[in-house]
Structures are given as structure tokens and as C-alpha cells.
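**Q** Going by the numbering used here, the sequence shown opens with residue 1, and the numbers climb by one from there.
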Amino acid sequence: MPALLFQLLAAQSELSMPLLNYSFFCALAGCIAFSIGSCKAQKLADTSAYNHQDLFGPINWPVPGNEIRSANGSPGAHYWQNKADYTIHATLSEKDTSISGNVIINYTNNSPDKLEYLWLQLDQNLFRPDSRGAATTPINGDRFNVKGFGRGGYRISSVTVTYQNKKYTLNPIVTDTRMQLRLNERLEANGGRISIEINYGFAIPFYGADRMGRLKTRNGYIYEIAQWYPRVCVYDDAEGWNTLPYMGLGEFYCEYGDFDYYITAPADMLVFGSGDLLNPAEVLTAKQITRLKEASKSDQTVMIINKDEVAKPETHLKQNGTLTWHFNIKNSRDIAWAASKAFLWDAAKVDLPSGRNIIAQSAYPIESSGENAWGRSTEYLKHSIEIYSKAYLEYPWNSAVSISGVALGMEYPGIIFCLHNLKNENLWADVTHEIGHNWFPMIVGSNERKYMWQDEGFNTFINQYAAEQFNKGEYFHPENRPAKAIAREMKTNTDPLMTPPEAMDLDDYGLYYNKTSLCLDMLRNVVLGPERFDYAFKIYISRWAMKHPLPYDFFRTMNDAAGEDLNWFWKEWFLTTWKLDQAVTSVKYVFGTPSKGSIITIENLEKAAMPVDLKIVQADGKTEMLRLPVEIWQRGGSWTFKYPSAGKIQSIEIDPDHQLPDVNRGNNIYKEGIKLNTQIFNKKRAVGR
Ligand SMILES: [Zn+2]
């Protein structure tokens, strides 16, 4: 008995059909061929889990297209965004490991609403023992380990408001990590301006939720200072005031504005911050300024302070007292800084597409140095910025700094914090990821506290292209396909990507990164093709640079610029935890004769659907790749098509390149003479087919 016939007869017997003879089988095959070629439409029933209505039925986005956010995904003609400009004077005291500061916030209300009150973020309050973040930290801790400490949290000593030339103080209402300022008079809409001056202080936590803190090194502490001044919450057209508290996982959502800030620190410390250092002559030695100039013209990393010089008196302009470092950055959503006596310092030039040159710098303790470690940080930083600038949008600022310290990896505009003991590929991955965040969410300013996938996932997606390009793929592993691992994670995952971070299972939040990245890969390589995807993705970035896109603005832009209704895609991968299981379930021949063509049936067994890639190998060795569009699943979960084979089919494989997170790859393969996965036939029986 030919192997194929055995297989088909076995299949029929499983369907409780009478044992069939060879001629009946030929007629059966012909019948299928007839139904394909005749006027009678193929009946496209859904399989057990799949329901084509669930997937392809209408979706109404919660935010309709309007004059603020257009239906095509771009900022509308009346898009508005408020602005917060900051002037800050802050002092780092080593004696009591604290920051004291004065901030003046000039806030512009461009919204159409008069505002009775303002909301500010007081993120340091996370470290109070009674914070919500401390209360919700699991008994065995987690990555953020927010247990609070006795001195933790902001001390707000005064709040003064100046509005329409009237000045008054007010008592702020503080609720956990938020502060409400109830105004004496409403702030005018459409450009009303108000000034708020706050005197404040806080003790620097050792471990600031893996985002800031202090690290003890041989030559002194490294202070990584972030979430360090009262920041205005975003007021937008979608939520009004965005007042979600800071609890650990959910990061930050801040307004854009200009920052002018002064950091006073002990004179034997170096200070690095977001933006431009405006007073180098007042804080650096002549030798350091000369070396910095040399570095700003060099493709190779230049040491500004080397390991023989670190912590020596001659590396400081002044031996006693303090120095004040003056920084400035424009059109930024935040600032952070770092200070230490222990820093080695190196730098190199970055070439940007416009011809502009900026500077990449790294600062790290002697323990982190070495060519297999932080000695290459600046090289990683420089090339990452060059790659992302060329591929997506030019880096807008003049400096980028990578700091070695206590935080595993954290990003701010123009400055990143990476873990002190990382080496080689791990350091590369950390540096390229954290600086990648300067595109998402620092340039494309999405709401991190609510839609974590929109920055972590997009950043992870671009990181893999940086790895491919950096130093001829030194750290690129094309064989590491993420789809398989993600399929494994998705089997138990119960929270969709649209879940806010504080409600996401802590074992699953990695999906914000790798599932989102895989989704963009699938969209690029399987659904749209690289050319159409890259165009639409760049449109999204340019439309929303220095603005606040919602998820729907991204979905709409991709639909519109790529020219496809991709709502099914957004629904299955971002709004649900639906799984994908594509299967080949039957191979027959027209009139039982392979040379007349093959009749192949594939099925979609789970709730998600995707286009189908098939690798078909015929007995004579001829191999062909076939792509069927997702539209084959629009009316049901079973699809039969004719393939013009010249002889027997030797094998068929669905998704041979493992691009999809198929939860059951066992049923993706047909091999001549080997019975197809019985699980499929059981499923067929279960739905009465
Ligand atoms: Zn990240």
C-alpha cells in the first residue's frame, strides 16, 4: 500500500467512516477539486478555538479620530500639548546623602480648559515606608524592591505660585507620589502661563527601585540621581491629568520643556547630566577641556580621566568646598544626573546624518574599566546613536552619557545608567537598549506609566537592528529566534500587552519587551514586508516626535501609512492573549494523481490568525515557498487550496523560518508516509467534521 494511501485511510477510519477503497478515495479527491473549481463556494467552518467573527469583526477604538488626534493617526489640526520649563538649583550633600533643591516651573496651559488645580509627580515618595509601592511589594521582594526607608520621600518646605503678577503661597495636597496644587484663580486656557516655585529636599535611597541610588566603589560613592525634582504631570486630551502613582514598574510620563539646572557638589566630584555643560571652564581642569576637545573630533575613544589619574588631587579644579555645574537641555521630557569622585571618564565623536557632530561619553569606576567591560561603553554608545539616528530620526541633543552605577539599566534624555559590573555583550545590550530609549519614549513621548509596550517593545525591536549593524554583527545572533520562547511564555500568559504595568503579572512583564518586539517583526516581515513597514514606522516616529501619542495613534498611523486595515493584528496581539496555532491537516491529489495537482488543507486552530508561509518540497526535490494572506481566515478556520504539484509532495512545513509564536509546532509539518498529527483529527471530530 502506498504510504500516502495508508495515511489517508487511517485518517478516514478516525473519522468513523467506512473503510474506503482506492477508487472511492480518488473520487473524494476529485470532489474537493470540483468544489474549488465550481460555482459552489467552499464551506469555511471555524475550528474549535478559532472564531473569525471574534477576530475580523469590527473594532471601535476608545478614542475616535478627531481634530486633536486625526483618524489617520497623526496629530490633528488642533493638537495641543502643555509645556513645562524648569530652572533648578540643587545641592548634593555627601554628609547626609541628601539632595536639597529649589525649582521654578514655568508652566504653559495650551489646553482648551481652564485649570483649577495642577498635579505634580513626587516620585521620591515611593521610598517612604508607607508608600503604595512599598505596600504592594511582594513579601520576597522583586526587582524594584521598594520597601521604603525611614528618611525616604520628599520634604516640601514651600510652594509659591506667581500668576498674573500676583504671588501667593499655598499648602499642597500630597497623596502618595502625587501633589495637587489648588490654585487661587483658574489658570487660563489656550496659552495661560503660571510660575510655581518649590523648595524641597530628599535623602538619596541606596537602591532607588533600580532607577537611581548610590553605589559604593573603591574611590567613593557613585550617585545616580533621577526622579529628583517635582515634575508636572501630563495634562492631555485623553485623560485630563495623568495621575497614576509611581509604584515601581510603571515609569514616567512627563511634559516637554526646556531645562536650565545647576548642580552643586563637593569639588572633588565629577558631575554628568542631561544636556550641555555650559560652564566647563568653571568645573574642569585645562587638561580635561583640551582632551574633551580632542575627543569631540575623534572616532576612537579618548580618555579624559584615566585610571592613573582618577581620584587624584590634580584631576580637580578645586581641592575643597563645592563646585556648581550648569547644564541646559531644550525640548526634553526629563533630566537626570550623576556625581562621583570615582569616575574615569572617556569620550568620542558621534556623526549624525545631517553632518552635525555630538559627543558620546562614559563615566565609570576603576572596577568597571577594561576592554572587555566599560572601556567599550563609549564605542557602544556612539555607534548605537549613529545607527538609530540614521534609521529612525536624528538624535536631537548634543551629548549622551553612559554612567556605571547601581541601576541595572535606566534611561533619561541624554544620560543612561547601566549596571557597573556588566561586560562584553551584556554591556552592549544594556547600553544600546538604554540609549535606544532616547527614541522611545524620550523623543516619541508615549505614556510609559500606562502603555509600557509602546516604549519598551519598540525599543527592543530597534535594538536587534543595532546589534545586526554594530561592528559587523559582533553581538548579533540571527539563530536566536524569539518566536519559540515567546510562544512558550504565551501558553501561560493571561495579561494582554495593553494591561497597565501595575496590573501586569510580574512574571510576564518581559512580554512588553519581547512580545511587542516580535509583533513588530511579524508585522514587518510576515504581514507588510520591510519596505512598507519601515515607511509607516518612520512616519509614526516623525509625526509624534516630542509629542504624546496614544496606542491608537500608532495603530491608526500604521493602518493608514501602510494602507492595510490591521485592526485584526492589533486586536490579537495587543488587546488579547490569543494564541496562534497553524496546522497542515490534509494532503490529497486531484483524482489521486500527484501530477494533476495537490489538494492541501491547512487549519487555524487557535484564536489568533496570521498569513501562512509554507515550504513545499516535491519528490523530485523542487522546493517552493508559498505565502497565503491572512484573508484566507476571514470566513473560517479551515482553508483548502490547490497546489500545482508535478509529482508527490514529499514534505510541507508551515512557518519554516519560525517567525511566528506558534504554540504547537508539532502540527506544522507534513511528511510523506508519516501520519499527520492525530490531535488535529481529534479536533476535527470534535467539531463534527
Ligand atoms: Zn527599557
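Just so it is clear, CB atoms sit at the ideal spot from N, CA and C, and this is done for glycine as well.
Going by alpha carbons, who is nearest to Ile88 out of Pro230, Thr494, His548 and Ser377?
**A** Pro230
**Q** Straight-line CA distance for Leu278 to His326?
**A** 6 angstroms
**Q** What is the DSSP secondary structure of Val431, counted as helix, strand or coil?
**A** helix
**Q** State the CB to CB distance for the pair Thr494 and Asp505, rounded to an integer number of angstroms; the pair is presumed to be in contact (CB under 8 angstroms).
**A** 7 angstroms
**Q** Flag Glu386 as yes when its Cβ comes closer than 6 angstroms to any non-hydrogen atom of ligand 1, and as no otherwise.
**A** Taking the Cβ of Glu386 as the reference point, every heavy atom of ligand 1 lies at 6 angstroms or farther away.
**Q** For a quick check, are the C-beta atoms of Trp345 and Ile403 less than 7 angstroms apart?
**A** No; because the gap between Cβ atoms is not below 7 angstroms, this pair is not in contact.
**Q** Between the Cα of Ser586 and those of Gln288, Ala267 and Trp639, spot the shortest distance and give me the residue it belongs to.
**A** Closest by alpha carbon: Trp639.
**Q** Between Glu425 and ligand 1, is the CB less than 6 angstroms from at least one heavy atom?
**A** no
**Q** Tell me the start and end of each unbroken alpha helix (DSSP H) in the stretch 496-524 that is at least 4 residues and wholly inside, in chain order.
**A** 510-522
**Q** Any residues whose CB sits closer than 6 angstroms to a heavy atom of ligand 1? List them in chain order?
**A** His433, His437, Glu456 and Asn459
**Q** Does Leu15 pass the burial test, meaning 16 or more other C-beta atoms within 10 Å, or should it be called exposed?
**A** Bear in mind that the predicted position of Leu15 carries a pLDDT of just 28, short of 50, making it too unreliable to give a figure here.
**Q** What are the uninterrupted segments assigned as beta strand (DSSP E) that are 3 or more residues long and contained completely in the stretch 603-630, given in chain order?
**A** 612-618 and 623-628
**Q** Quick test of your reading: Ile649 and Ser598, contact by CB under 8 angstroms. State the CB separation rounded to the nearest angstrom.
**A** 5 angstroms
**Q** Thinking C-alpha only, which one of Ile222, Val401 and Gly192 is nearest Gly275?
**A** Val401
**Q** Quick check: what's the CA-CA separation for Lys307 versus Ala338?
**A** 19 angstroms
**Q** Tell me whether Gly405 is buried or exposed, calling it buried when 16 or more other Cβ atoms sit within 10 Å of its Cβ.
**A** buried
**Q** Would you mind sorting Gln300 into buried or exposed? The rule is 16 or more other CB atoms within 10 Å of its CB.
**A** exposed
**Q** Would you check if the distance between the CB atom of Pro353 and the CB atom of Ser384 is smaller than 7 angstroms?
**A** no
**Q** So what's Thr557 in DSSP terms, helix, strand or just coil?
**A** helix
**Q** Nearest to Arg532 by alpha carbon, out of Pro644, His548, Gly563 and Phe555?
**A** Gly563
**Q** For Ala286, is the classification buried or exposed, using 16 other Cβ atoms within 10 angstroms of its Cβ as the cut-off for buried?
**A** exposed
**Q** Which same chain residues, not among the five before or five after Asp613, have their C-beta less than 6 angstroms away from its C-beta?
**A** For Asp613, where only same-chain residues beyond five positions count, the Cβ hits under 6 angstroms are Arg627 and Asp655.
**Q** What is the C-beta distance between Glu468 and Phe476, in whole angstroms, given that I count them as a contact (C-beta under 8 angstroms)?
**A** 5 angstroms between Cβ atoms; contact.
**Q** With H, G and I counted as helix, E and B as strand and the rest as coil, what does DSSP make of Glu371?
**A** Here Glu371 sits in coil by DSSP.
**Q** Report buried or exposed for Gly666, applying the criterion of at least 16 other Cβ atoms within 10 angstroms of its Cβ.
**A** Classification of Gly666: exposed, given that the 10 Å Cβ count is below 16.
**Q** Quick check on the burial criterion: 16 or more other C-beta atoms within 10 angstroms. Buried or exposed for Ala33?
**A** Because the pLDDT of Ala33 is 32, which lies under 50, any placement of that residue in the model is unreliable, and the number read from its coordinates should be weighed accordingly. So Ala33 counts as buried.
**Q** Along the chain, where does the beta strand (DSSP E) that runs through Tyr154 open and close?
**A** Tyr154 to Tyr163
**Q** From the DSSP secondary-structure annotation, give me the bridge partner or partners of Trp633.
**A** DSSP output for Trp633 lists no bridge partner at all.
**Q** Compute the distance between the beta-carbons of Gly201 and Arg155, then report whether it is under 7 angstroms.
**A** yes
**Q** Output the distance between the C-alpha atoms of Asn604 and Ser131, rounded to the nearest integer angstrom.
**A** Straight-line Cα distance between these residues: approximately 47 angstroms.
**Q** Less than 8 angstroms between the CB atoms is what I'm expecting for Leu249 and Glu653, so what's the real figure, rounded?
**A** Actually they are not in contact, since the Cβ atoms of Leu249 and Glu653 sit about 39 angstroms apart, beyond 8 angstroms.
**Q** Taking the alpha helix (DSSP H) that Trp337 belongs to, which residues open and close that run?
**A** That residue, Trp337, is in no alpha helix (DSSP H); its beta strand (DSSP E) goes Trp337 to Ser340.
**Q** Alpha carbon to alpha carbon, what distance is there between Asn145 and Thr264?
**A** 30 angstroms
**Q** Which full runs of the alpha helix (DSSP H) of 4+ residues lie inside the stretch 313-365, going along the chain?
**A** Segments of the alpha helix (DSSP H) lying fully in the stretch 313-365: there are none.
**Q** Output needed for Thr315: all residues of its chain with C-beta closer than 6 angstroms, excluding positions within five of it in sequence on either side, in chain order.
**A** Around Thr315: Ile305 and Glu309.
**Q** Could you say if the stretch 412-422 and the stretch 366-376 meet the contact criterion of at least three C-beta pairs nearer than 8 angstroms?
**A** Enough Cβ pairs lie closer than 8 angstroms, so yes.
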